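In the working numbering, the protein residues as written are 144 to 395.
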């Protein structure tokens, strides 16, 4: 079935050109704004959505509010996607943000067979600064993963705030926000999220993107996600899973 949004103009000024991607809560479209490419996000109301339409609508509205505060109230951050506009088109919230073309960090790492230790360390420092900024303003991201980080020149830009919350988050019973290989157990299983949950995801993301010490790239990711459930620990030392190089002392 044809997408009814394609070719339409939302908020009276953004012309939707094509779909960029679809998540469980929202759909991102490449759109034209006076000859400039921007991203328009709309709630995912299709059968592929992971939640009922009213929840997807609420989530996108909260995402827009948080991203607007980040840029208009907190001064923004060079490694966070820029807020442009938000509003409502009939019953649907609309979020407009900058378009960041190129590869995700996940795609970039996979194309290289994994990141070497020095590159992973430098990327990790930049993204840790993003977390410090968010946490200093009481924001928990909850989806700090390599497929939500785009490469813009030499910068790494966090693009998705669809699961972000202000302060400690506890989902309704039976609902969780999780990403395989990355999400901490309190978030993936019980639906709780703390500032430390983001830090766990930051570290998991970097380890999953680094060159494996042995086996194929995908094997390192699969090894990393295996836990001794009773102990809540990894099955091996970090530097036995990935190439740590001169940074091995950081894990000791």
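Note that CB positions come from ideal geometry on N, CA and C, so glycine has one too. These numbers were taken from a predicted model, which means no experiment stands behind them.
Local Cβ density within 10 Å of residue i, reported as buried at 16 or more and exposed below that
| i | result |
| --- | --- |
| residue 221 | exposed |
| residue 178 | exposed |
| residue 255 | exposed |
| residue 381 | buried |
| residue 341 | buried |
| residue 303 | buried |
| residue 240 | buried |
| residue 234 | exposed |
| residue 318 | Summary for residue 318: the model assigns pLDDT 48, below 50, so the residue's position carries little reliability, and this model does not support an answer. |
| residue 389 | exposed |
| residue 146 | exposed |
| residue 149 | exposed |
Beta-carbon proximity of residue i to residue j, cut-off 8 angstroms
| i | j | result |
| --- | --- | --- |
| residue 308 | residue 285 | yes |
| residue 185 | residue 237 | yes |
| residue 350 | residue 287 | no |
| residue 183 | residue 174 | yes |
| residue 271 | residue 352 | no |
| residue 172 | residue 161 | yes |
| residue 258 | residue 289 | no |
| residue 213 | residue 227 | no |
Those residues which DSSP pairs with residue i across a bridge
| i | result |
| --- | --- |
| residue 162 | 172 |
| residue 184 | 171 and 238 |
| residue 223 | 301 |
| residue 385 | 355 |
is_contact[residue i, chain D] using C-beta, thresh 8 angstroms
| i | result |
| --- | --- |
| residue 282 | This model lacks chain D altogether, as it is built from one protein chain only. |
Say whether the segment 200–212 touches the segment 151–166, bearing in mind that this needs 3 or more beta-carbon pairs closer than 8 angstroms, one atom from each stretch.
no
Jot down the residue ranges of each uninterrupted beta strand (DSSP E) in the segment 240–315, minimum 3 residues, whole runs only, in chain order.
The segment 240–315 contains these whole beta strand (DSSP E) runs: 292–295 and 298–301.
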